[in-house]
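Residue numbers (full-length UniProt numbering): 1 to 145.
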């Protein structure tokens, strides 16, 4: 659930504009959320597919909790559906688990693309080696500092 105002702690999903399996474009409206002040259209930050909806219309979720899963391709929709949390309660421990798993997968993916082992590379090193590929040779010759 995105924070739509500085005082928002929880949001109610008024309606889903897109349904499961629909293609999403960056900037396209996905759902309408009722915050503590107004109803706001929430846009997608990514291109892809709405794999599964975790919090249905009329449901509430705390800011930062997972309300849906997105997939980059149609083939990944079934993989995303397999990662649905078993319970959609508002317990902070349960809502942070999917986020942590996704973060770990993203770091692992970035590390793989950068050609480094995730167990030996921190986020800063992965970022440097991904953003500055010409400096990779210099970094490896001089060692880690």
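No residue lacks a Cβ here, since even glycine has one placed at the ideal position from N, Cα and C.
Residue i in three-state terms, based on DSSP
{"i": "residue 57", "result": "coil"}
{"i": "residue 36", "result": "coil"}
{"i": "residue 41", "result": "strand"}
{"i": "residue 78", "result": "helix"}
{"i": "residue 18", "result": "coil"}
{"i": "residue 6", "result": "coil"}
{"i": "residue 67", "result": "coil"}
{"i": "residue 11", "result": "strand"}
{"i": "residue 62", "result": "strand"}
Where residue i falls, given that 16 or more other Cβ within 10 Å makes a residue buried
{"i": "residue 91", "result": "In this predicted model, residue 91 has a pLDDT of only 43, less than 50, meaning its place in the structure is not dependable enough to derive any value."}
{"i": "residue 66", "result": "buried"}
{"i": "residue 11", "result": "buried"}
{"i": "residue 38", "result": "exposed"}
8 Å contact criterion, which residue i and residue j should meet: CB distance rounded
{"i": "residue 77", "j": "residue 49", "result": "6 Å"}
{"i": "residue 83", "j": "residue 69", "result": "7 Å"}
{"i": "residue 14", "j": "residue 32", "result": "4 Å"}
Same chain, Cβ closer than 6 Å to residue i, five either side skipped, listed in chain order
{"i": "residue 40", "result": "4 and 33"}
Own chain, CB closer than 7 Å to residue i, minus 5 neighbours either side, in chain order
{"i": "residue 53", "result": "16, 20 and 68"}
{"i": "residue 8", "result": "35, 36 and 63"}
Same chain only: Cβ atoms within 8 Å of residue i, ignoring 5 sequence neighbours per side
{"i": "residue 42", "result": "2, 4, 29, 30, 31, 32 and 33"}
{"i": "residue 25", "result": "44 and 47"}
According to DSSP, residues forming a beta bridge with residue i
{"i": "residue 48", "result": "24"}
{"i": "residue 29", "result": "43"}
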